[in-house]
Amino acid sequence: MKVIKTQDIRDIRVVCNGAVRKDKWAQIRDPRTGEVLHTGQLLYIKRVALKKYGKLVSLS
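Going by the working numbering, the sequence shown opens with residue 1, and the numbers climb by one from there.
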């Protein structure tokens, strides 16, 4: 038998503020509860969304 690792893919919503590029931050939120799961700079949010939730995020 083979052991297979799986991820529990969760729906997420990414909210980004509209400030100057170097001051931008974003949040990953649960769309059902509105709970903030992660907060940080754009590159951190993109990395976490892909690694933990399996989602590609495009932030500008």
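The C-beta atom is built at its ideal place from N, Cα and C for all residues, glycine as well.
Express the C-alpha separation of residue j and residue i in angstroms, rounding to a whole number.
i: D30; j: R13; result: 6 Å
i: H38; j: L56; result: 15 Å
i: Y44; j: K52; result: 12 Å
i: R47; j: T33; result: 23 Å
i: G18; j: Q41; result: 12 Å
Would you list the residues sitting across from residue i in a DSSP beta bridge?
i: Q41; result: DSSP lists no partner for Q41.
i: V15; result: Q27
Would a C-beta distance cut-off of 9 Å place residue i and residue j closer than the cut-off?
i: L59; j: K24; result: yes
Quick check on residue i: does DSSP put it in helix, strand or coil?
i: R131; result: Nothing about residue 131 can be read from this structure; the chain reaches only from 1 to 60.
i: R47; result: helix
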